[in-house]
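Below is one structure, written out as structure tokens, with a few remarks after it.
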Amino acid sequence: MRLQLCTLLALPLLQASAFQSEQIVMDPVFVPQQSRQPTLADVLTIEPSASIFYSYARELTLSNKFSESDASFTVIAPTNKAVMALACKPHQGPGTVESGIEITEEEMDSRSKANVERWVSAHIIPQSPITFDDQTYETLLGGKSLTFSLSKGESDVSDWSRAVLENNVHIIGKREASNGVLYLIDGTVLLD
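Reading the sequence shown from the start, the letters are residues -18 to -1, 1 to 174 in mature numbering (1 follows the signal peptide of the UniProt record, and there is no 0).
Okay, here's the thing in structure tokens:
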């Protein structure tokens, strides 16, 4: 009994010593890649108030650009509350299928993806930084531009906190990234 117990306890030690001679020795100097700031993808991942916007954006290949260090974007992301307040969600789009007309699931998926791409693209300006004093910027959605104006008020606060978009939408937060800036808005960009 004692012999069996000793054998059970010693067996793992013998195996460990046998594998030590087969271990690979790695270079002791490891330098991790470091960046001073996170990318837009990192910022959007950890920003809880824009998680619905980012979940839509991740469905698209254009979201890969949020990770590129040489990219330069300004993302105007609506808060979760603003997206939930929409009468038609981004994947539904402006038009509806007429009653009595049937479309395939594949066609519905295609329409939904196109609607999401239009909506997300309207919230991305392909340059950074931007200014807000009566400036207009083209978005990634062809033909759609965003105009910013500054609300009257305290001049000692940052311009972004006084910026107003069309339809009286306000910027309520700013997050800087290595490849652009994320601005959180209390509404959404209108497509039509």
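Built from N, CA and C at the ideal position, the CB exists for glycine as well.
Quick check: what's the CA-CA separation for A67 versus V11?
In the sequence shown, the residue the question calls residue 67 occupies position 85. In the sequence shown, the residue the question calls residue 11 occupies position 29. In a straight line, the C-alpha of A67 is about 53 Å away from that of V11.
Restricting to Cα atoms, I'd like to know which of F48, W101 and E89 is closest to L123.
Taking the sequence shown and counting its residues from 1, the one referred to as residue 123 is at position 141. Comparing Cα-Cα distances from L123 to each of F48, W101 and E89, the minimum goes to W101.
Does DSSP put P111 in a helix, a strand or coil?
For this step, residue 111 is matched to residue 129 along the sequence shown. Three-state result, P111: coil.
Residues in its own chain within less than 7 Å of S133 by CB, not counting five upstream and five downstream?
Taking the sequence shown and counting its residues from 1, one reaches residue 133 at position 151. Only R144 and V146 meet the Cβ criterion.
Use the C-beta contact count for I85: other C-beta atoms within 10 angstroms, 16 or more gives buried, fewer gives exposed.
Counting from 1 along the sequence shown, the entry for residue 85 is found at position 103. I85 counts as exposed, since fewer than 16 other beta carbons sit within 10 angstroms of its beta carbon.
Restricting to runs no shorter than 3 residues, where is the beta strand (DSSP E) found entirely within the region 35 to 89?
55 to 60
Below 8 Å between beta carbons: does that hold for T61 and A32?
For the purposes of this step, residue 61 is taken as the residue at position 79 of the sequence shown. For the purposes of this step, residue 32 is taken as the residue at position 50 of the sequence shown. Remark: C-beta atoms of T61 and A32 approach each other more closely than 8 Å.
With DSSP as the reference, label L173 as helix, strand or coil.
Taking the first residue of the sequence shown as position 1, residue 173 is located at position 191. In this structure, L173 counts as coil in the three-state DSSP scheme.
Per DSSP, what are the beta-bridge partners of E120 in this structure?
Numbered from 1 along the sequence shown, position 138 holds the residue referred to as residue 120. DSSP lists S127 as partners of E120.
Closest by CA to M103, which one among E89, Y36 and D168?
Here residue 103 corresponds to residue number 121 of the sequence shown, with the count starting at 1. Reading off the sequence shown, one finds Ser at residue 103, where the question assumed Met. Comparing Cα-Cα distances from S103 to each of E89, Y36 and D168, the minimum goes to Y36.
Just the C-alpha distance for Q117 and K47, rounded to the nearest angstrom, thanks.
On the sequence shown, position 135 is the one that residue 117 refers to. On the sequence shown, position 65 is the one that residue 47 refers to. Rounded to whole angstroms, Q117 to K47 spans 24 Å at the Cα level.
Which word fits G135, buried or exposed, when buried means at least 16 other C-beta atoms lie within 10 angstroms of its C-beta?
Numbered from 1 along the sequence shown, position 153 holds the residue referred to as residue 135. When all chains shown are included, G135 counts as exposed.
So, using beta-carbon positions, are T129 and E158 closer together than 8 Å?
In the sequence shown, the residue the question calls residue 129 occupies position 147. In the sequence shown, the residue the question calls residue 158 occupies position 176. Cβ distance not < 8 Å, so T129 and E158 don't count as in contact.
By the three-class DSSP mapping on this structure, what secondary structure does V98 have?
Here residue 98 refers to the residue found at position 116 when the sequence shown is read from its first residue. Three-state DSSP puts V98 in a helix.
Below 8 Å on the Cβ atoms is my guess for I34 versus V57; work out the distance and round it to an integer in Å.
Along the sequence shown, read from residue 1 onward, the residue named residue 34 stands at position 52. Along the sequence shown, read from residue 1 onward, the residue named residue 57 stands at position 75. Contact flag wrong, Cβ pair sits at about 14 Å.
When the Cα atoms are used, what is the spatial distance from S51 to K63?
Counted from its first residue, the sequence shown places residue 51 at position 69. Counted from its first residue, the sequence shown places residue 63 at position 81. In this structure, the straight-line span from the alpha carbon of S51 to that of K63 is close to 30 Å.
DSSP three-state call for V139: helix, strand or coil?
As a working note, residue 139 is residue 157 in the sequence shown. In the structure shown, V139 sits in coil (DSSP, three-state: anything other than H, G, I, E or B).
Provide the residue span of the alpha helix (DSSP H) that contains V25, from first to last.
Reading the sequence shown from its first residue, position 43 is the one you call residue 25. First-last of the alpha helix (DSSP H) with V25: L22 to I28.
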